[in-house]
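Take a look at the structure set out below.
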Amino acid sequence: MALNSRLVAGIHFAATLFSVPVISAGIWLAMQADNACVKLLQWPVIAVGVVLLLVGLAGFVGALWRLPYLVLFYLTAMLVMILVLAGLVVFIFVVTAGGSGRPEPNRVYREYRLEDYSGWLRRRVEDRWARIRSCLGSTGICAEMNQTYHLAQEFFYADISPLQSGCCKPPTECGYTFVTPTYWISPISVAANGDCVRWSNEETELCYACDSCKAGLIANLDKEWRRADLILVVALAVLVLVYVIGCYAFRASKTDEIFRRYKQGYHGS
Numbered sequence: 149m150a151l152n153s154r155l156v157a158g159i160h161f162a163a164t165l166f167s168v169p170v171i172s173a174g175i176w177l178a179m180q181a182d183n184a185c186v187k188l189l190q191w192p193v194i195a196v197g198v199v200l201l202l203v204g205l206a207g208f209v210g211a212l213w214r215l216p217y218l219v220l221f222y223l224t225a226m227l228v229m230i231l232v233l234a235g236l237v238v239f240i241f242v243v244t245a246g247g248s249g250r251p252e253p254n255r256v257y258r259e260y261r262l263e264d265y266s267g268w269l270r271r272r273v274e275d276r277w278a279r280i281r282s283c284l285g286s287t288g289i290c291a292e293m294n295q296t297y298h299l300a301q302e303f304f305y306a307d308i309s310p311l312q313s314g315c316c317k318p319p320t321e322c323g324y325t326f327v328t329p330t331y332w333i334s335p336i337s338v339a340a341n342g343d344c345v346r347w348s349n350e351e352t353e354l355c356y357a358c359d360s361c362k363a364g365l366i367a368n369l370d371k372e373w374r375r376a377d378l379i380l381v382v383a384l385a386v387l388v389l390v391y392v393i394g395c396y397a398f399r400a401s402k403t404d405e406i407f408r409r410y411k412q413g414y415h416g417s
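In this note's numbering, the protein residues as written are 149 to 417.
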């Protein structure tokens, strides 16, 4: 019985350890400038990780001190959290599926269109755009390009982020002439794309009012969310395995206890 108790405690402690990657994924998202402005996914991920940590600790204490009610609480709560984590994994996969940048001739970077992305994400971004726009303007993501790219050819063949492509320059189809990454000369006739007239050379304006900026932001979020989702998938797979082993070990320990009590009763009679 003591061996089984230590085994079950070790398994529950392993579940506790695998909450750390989940929390780390949420913290990593919170440290990204675009996610810090949007504030959609990082806190749910961190919350799931913290709850997993607390549930794992409850199971560890219950198994170590032989408190069956606490172990049962752990098994029930961990099952719920595994389902929650699985739902979060599927949700991230669904809302980040499909969208991608569109290539342009003689450009390495891509252009981004709002209609290519998840309706759920579009609505969340558009509803919060005034605050997000102000936040993005304070990050310096556009100003830093002026320090890196000085010639048109350098810029056209640069692998800039979707956020920089959408927010820091006019869309390529508008036909603006490059001066610096954030300063462009307007053509005589502007294309029909509404973003072409929204562009401004003012550092505080640029293309922050453009649909391409919203699309670039969502494309950036997609890329970062998929990376976090990969960590969550690995953590989920390990937690499921640990949970199954924990259930088996708990059942075995209870069987041993019943058998021991039966033997005691048999010899006592």
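Note that CB positions come from ideal geometry on N, CA and C, so glycine has one too.
Annotation for PHE241: the continuous alpha helix (DSSP H) segment containing it runs 216–243. As DSSP reads the structure, ILE333 sits in a beta bridge with THR325.
For THR320, no alpha helix (DSSP H) encloses it, and the DSSP letter there is neither H nor E.
A direct Cα-Cα distance of roughly 8 Å separates TRP332 from PRO318.
Within the same chain, TYR257 come within 6 Å of ILE308 by CB-CB distance, once the 5 residues on both sides are set aside.
For GLU302, the secondary structure class from DSSP, reduced to helix, strand or coil, is helix.
By DSSP's assignment, ARG250 forms a beta bridge with GLU259. In terms of Cβ geometry, GLY247 and ASP264 form a close pair [threshold 9 Å]. About 15 Å separates the Cβ atoms of GLY314 and SER348, ruling out a contact at the 8 Å cut-off. In chain order, LEU218, PHE221 and TYR222 place their CB closer than 7 Å to the CB of ALA206, counting only its own chain and leaving out the 5 sequence neighbours on each side.
Pairing VAL237 with SER334, the inter-Cα distance amounts to about 44 Å. For ARG276, there is no enclosing alpha helix (DSSP H), as DSSP gives it neither H nor E. The beta carbon of TYR396 sits closer than 8 Å to no other beta carbon from its chain once the five residues preceding and following it are set aside.
Apart from the 5 residues on each side of it in sequence, LEU177 sits with its Cβ closer than 7 Å to the Cβ of ASN183, LEU189, GLN190, VAL193, GLU372 and ALA376 in its chain, given in chain order.
When ILE159, ARG281, VAL390 and THR164 are compared, the shortest CA-CA separation from VAL186 is found for ARG281. Counting every other CB atom within 10 Å of its CB across the protein chains shown gives MET179 a total below 16, marking it as exposed. Sixteen is the threshold: when 16 or more other Cβ atoms of the shown chains lie within 10 Å of the Cβ of TYR324, as they do, the residue is buried. Note that the C-beta distance between THR287 and ASP370 is not below 9 Å.
Using a C-beta cut-off of 8 Å, the segment 159–174 makes no contact with the segment 338–356, since fewer than three inter-stretch Cβ pairs fall below that distance. Check the Cα spacing between TYR305 and each of PRO251, LEU389 and MET229: the tightest is with PRO251. Judged by beta-carbon spacing, LEU354 lies beyond the 9 Å limit of CYS283, meaning their Cβ atoms are not closer than that value. Secondary structure note for LEU201: its alpha helix (DSSP H) is the uninterrupted segment 190–212.
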